[in-house]
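First comes the structure, then the notes that go with it.
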Amino acid sequence: MTQRQVAVMKYAPIRSTFARADAVLVSAVFLFLLSFLIALPASAYAPVSTPWLGVSVDDLSFDELQQLNLDHGLKVTEVVQTSPAAEAGLQVGDILLDLDGRPLYSVGRLQWLVHSYQPGETLPLRYWRDGAQQEASVVLGSWQARAGHHHSEAHGGSFLGVMLQPLSDGLRKYFGATGNVGMLISEVEEKSPAAVAGLKEGDVIVRMDRKRVRNMADVYKVLNYFDAGDEIEIELIRDRAPLLVKVKLGQSQCHSRCQNRGYPRVPGYHGYGPGAMPYGHGQPPVPFPHHPPLAPIPNRS
Numbered sequence: 002m003t004q005r006q007v008a009v010m011k012y013a014p015i016r017s018t019f020a021r022a023d024a025v026l027v028s029a030v031f032l033f034l035l036s037f038l039i040a041l042p043a044s045a046y047a048p049v050s051t052p053w054l055g056v057s058v059d060d061l062s063f064d065e066l067q068q069l070n071l072d073h074g075l076k077v078t079e080v081v082q083t084s085p086a087a088e089a090g091l092q093v094g095d096i097l098l099d100l101d102g103r104p105l106y107s108v109g110r111l112q113w114l115v116h117s118y119q120p121g122e123t124l125p126l127r128y129w130r131d132g133a134q135q136e137a138s139v140v141l142g143s144w145q146a147r148a149g150h151h152h153s154e155a156h157g158g159s160f161l162g163v164m165l166q167p168l169s170d171g172l173r174k175y176f177g178a179t180g181n182v183g184m185l186i187s188e189v190e191e192k193s194p195a196a197v198a199g200l201k202e203g204d205v206i207v208r209m210d211r212k213r214v215r216n217m218a219d220v221y222k223v224l225n226y227f228d229a230g231d232e233i234e235i236e237l238i239r240d241r242a243p244l245l246v247k248v249k250l251g252q253s254q255c256h257s258r259c260q261n262r263g264y265p266r267v268p269g270y271h272g273y274g275p276g277a278m279p280y281g282h283g284q285p286p287v288p289f290p291h292h293p294p295l296a297p298i299p300n301r302s
C-alpha cells in the first residue's frame, strides 16, 4: 500500500465527518430562511395598494362655470356604490371644488391628488350642491379591494404616455374634429408606447378601443380596462384626415414619477401625462389659439 493510499484511508473518517457537518449546516440555514419567509407579513410581498375615491367626474366648460358663478370645479357623473365617495355622501350632479384644501381645476388634477395620498387617509372635501357649498370627509379606499371591476378613475395600471387637452370650438374647427369627440395630444413622452406607435403632437384622439373619446373620463375608462402589454386601436385625426394606429400599452409608473415632477397649479390648464396622469415642469405650455383659460397664465420667463 502506498503512502498516498494510507493517507486517504487515515483522513477518510475526518472528511466524512466534515461532509455530514456541512450537510447539517446547509439544512439548518435553509430551514431558518424558510421560517423567516413564512413569518413575513403579507405587506412585505403584496403589491402596492392604490388609493381610490370611487367617482366619475367631468370637466366643466367655461360657460358652465360662469352660470354657476364658480371659477373651478368638477361635475360628478357617477358614484360607485359602497365606495369612499358614496360613504361620504356624494351624489351625481355635485360639483367637487376642493380636496384637502386644494382646488380641483381638472379631472387629471383630482386623479393626481388622490394618488398623492395613501389608502385609509381621511381628507376634507368641499363641493357645491343646490346652490350652496357643502363639506364632507372622505376616507380613501384601496383599488385592490375592488379586483375585477373596471372604472373610469385611472388606477395606474396601463400607460400610454401622452399629454392631452380638451378641444375648444376654435381648436375643433382648426383640427377638423366634428361633434363633441376628440382630445388633443399636446405632448408625447419620449420612448413611451404612444411614441413607439407613432403618435405625434397635434394629433386628435377620437376613439380608443372603438369607444368615443370626449373627455378624460373616457380615456380613463379605456386605460383602466386594459393591462400593460395589451394592444388597443386608437383612431386619430392628423392633418385633418382620419388615421388608425395600434398601440401596445406599457406599465404605468406614475404613482411615484408624477408626484415628483410637479403639477402646474394654473386654472384653465388641462395637461395629462403618462397613463393620462397630470405632470409638468412648474410652468404650463403656451395655450393653443382660441383656448379660453379660466385665469391668466403667467409668463414663462
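Sequential numbering from 2 applies to the sequence shown in my numbering. Quick reminder that beta carbons are idealized off the backbone N, C-alpha and C, glycines included. Note that this is a predicted model, so its numbers are computed, not measured.
Looking at the structure shown, is residue 56 part of a helix, part of a strand, or coil, going by DSSP? DSSP places residue 56 in strand when its eight states are reduced to three.
Under a CB-based cut-off of 7 Å, is residue 199 close to chain D? Given the protein chain composition of this structure (a single chain), no chain D is represented.
Determine, using beta carbons only, whether residue 108 and residue 209 come nearer to each other than 7 Å. Contact flag unset, no.
Rounded to the nearest angstrom, what separates residue 238 and residue 102 at their Cα positions? Cα to Cα, the separation comes out at about 39 Å.
May I ask you to report which of helix, strand or coil DSSP gives residue 82? Taken through DSSP and simplified to helix, strand or coil, residue 82 comes out as coil.
For the beta strand (DSSP E) holding residue 239, just list the boundary residues, first then last. Where residue 239 is concerned, the enclosing beta strand (DSSP E) stretches over 232-239.
Go to residue 65, then tell me how far its beta strand (DSSP E) extends in each direction, as first and last residue. Annotation: residue 65 is outside any beta strand (DSSP E); the continuous alpha helix (DSSP H) that includes it extends over 63-69.
Alpha-carbon to alpha-carbon, residue 167 and residue 219: Each residue's alpha carbon lies about 12 Å from the other.
What would DSSP say about residue 200, mapped onto helix, strand or coil? Here residue 200 sits in coil by DSSP.
Alpha-carbon spacing of residue 65 relative to residue 235, whole angstroms: Approximately 30 Å, taken between the alpha carbons.
Considering residue 170, what are the terminal residues of the alpha helix (DSSP H) in which it resides? Start and end: 170-176.
Does the segment 174-182 come close enough to the segment 69-83 that 3 or more CB-CB pairs lie under 8 Å? The answer is no - the segment 174-182 does not touch the segment 69-83, with fewer than three Cβ pairs under 8 Å.
Using a 10 Å radius around the Cβ and a threshold of 16 neighbouring Cβ atoms, would you call residue 160 buried or exposed? It is buried - the Cβ of residue 160 has at least 16 other Cβ atoms within 10 Å.
For residue 112, the three-state DSSP class (helix, strand or coil): Of the three classes helix, strand and coil, the one that applies to residue 112 here is helix, per DSSP.
How is the beta strand (DSSP E) around residue 137 delimited, first residue to last? That run of the beta strand (DSSP E) goes 133-140.
Nearest-angstrom Cα distance between residue 187 and residue 207? C-alpha separation (whole angstroms): 14 Å.
Spatially closest choice to residue 131 from 91, 100 and 169, by CA coordinates: Nearest to residue 131 by C-alpha distance, out of 91, 100 and 169, is 91.
Report back the beta-carbon spacing between residue 185 and residue 205 to the nearest angstrom; my notes put them in contact at under 8 Å. For a cut-off of 8 Å, the C-beta gap from residue 185 to residue 205 is around 5 Å, short enough to register as a contact.
Thinking C-alpha only, which one of 240, 78 and 89 is nearest residue 100? Nearest of 240, 78 and 89 to residue 100, Cα basis: 89.
CB contact flag (residue 105, residue 128, <7 Å): Their beta carbons are not under 7 Å apart, which means residue 105 does not touch residue 128 by this criterion.
Using 10 angstroms around the beta-carbon of residue 193, count the other beta-carbons present and answer buried if the total reaches 16, otherwise exposed. The residue in question, residue 193, is buried, as its Cβ has 16 or more Cβ neighbours within 10 Å.
Rounded to a whole number of angstroms, what is the C-alpha to C-alpha distance between residue 138 and residue 75? Cα to Cα, the separation comes out at about 17 Å.
Just confirm the distance between the C-beta atoms of residue 85 and residue 140, as a whole number of angstroms; I'd bet it's less than 8 Å. Rounded to the nearest angstrom, the Cβ distance from residue 85 to residue 140 is 6 Å, consistent with a contact under 8 Å.
Does the beta-carbon of residue 62 have 16 or more other beta-carbons within 10 angstroms, so that it is buried, or is it exposed? Looking at its Cβ environment, which holds fewer than 16 other Cβ atoms inside 10 Å, residue 62 is exposed.
Can residue 60 and residue 77 be called in contact, C-beta distance under 7 Å? No.
If the criterion is Cβ atoms closer than 7 Å, does the pair residue 189 and residue 200 meet it? Yes.
Cβ-Cβ separation, residue 198 to residue 247 (assumed contact under 8 Å), whole Å: With a contact defined as Cβ atoms closer than 8 Å, residue 247 and residue 198 qualify at about 7 Å.
Please confirm whether residue 232 and residue 212 have their CB atoms less than 7 Å apart. Note that the C-beta distance between residue 232 and residue 212 is not below 7 Å.
Using beta-carbon positions only, say whether residue 93 and residue 54 come within less than 7 Å of one another. Inclusion of residue 93 and residue 54 in the CB contact set at 7 Å is not warranted, their separation being larger than that value.
Output the boundary residues of the alpha helix (DSSP H) element that contains residue 221. Here the alpha helix (DSSP H) through residue 221 covers 217-226.
Can you give me the Cβ contacts of residue 136 inside the same chain, cut-off strictly under 6 Å, excluding the 5 residues immediately before and after it? Cβ within range, chain order: 127.
Leaving out five residues on either side along the sequence, give the residues of the same chain with a beta carbon under 6 Å from the beta carbon of residue 57. Contacts found: 78, 79, 153 and 218.
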